[in-house]
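Undergrad:
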Amino acid sequence: MARAEKAGHGGGDYFEILDFVYAALGRRPCPIGIHEAMDMTLPSLVSQQSIVEGGRWLDVPDSRSWVQ
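Residue 64 in this note's numbering sits at position 33 of the sequence shown, with consecutive numbering throughout.
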């Protein structure tokens, strides 16, 4: 736990990277799915586009509607 606490954000960064490494090595499944990842990413990207467009309201798309 001491290593985790030194990694930043109360250890959150450490465990996030550890989850990624274990998933990449095939030791455990990824803790979140693609749609959950998109739920956390798209609002930021849409926010940046809104800023570029003078603060215009933009809807955040739902990645679940992109698949058939």
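Where a beta carbon is used, it is the ideal one built from N, C-alpha and C, also for glycine.
Going along the chain, which residues of its own chain have a beta-carbon closer than 8 Å to the beta-carbon of Arg95, five neighbours each way excluded?
TA: Excluding residues within five positions, the ones whose Cβ falls inside 8 Å are His66.
Undergrad: Can you give the Cα-Cα distance for Met71 and Leu56, rounded to whole angstroms?
TA: When rounded, the distance between both Cα atoms is 24 Å.
Undergrad: Is DSSP giving Pro74 helix, strand or coil here?
TA: Of the three classes helix, strand and coil, the one that applies to Pro74 here is helix, per DSSP.
Undergrad: Any idea what DSSP makes of Gly64, helix, strand or coil?
TA: Correct three-state label for Gly64: coil.
Undergrad: Could you tell me whether the Cβ atoms of Val77 and Val91 are closer together than 7 Å?
TA: Yes, these two residues count as a Cβ contact at 7 Å.
Undergrad: If distances are taken between C-alpha atoms only, which option among Ile82, Leu73, Gln80 comes closest to Asp93?
TA: Among Ile82, Leu73, Gln80, the Cα nearest to that of Asp93 is on Leu73.
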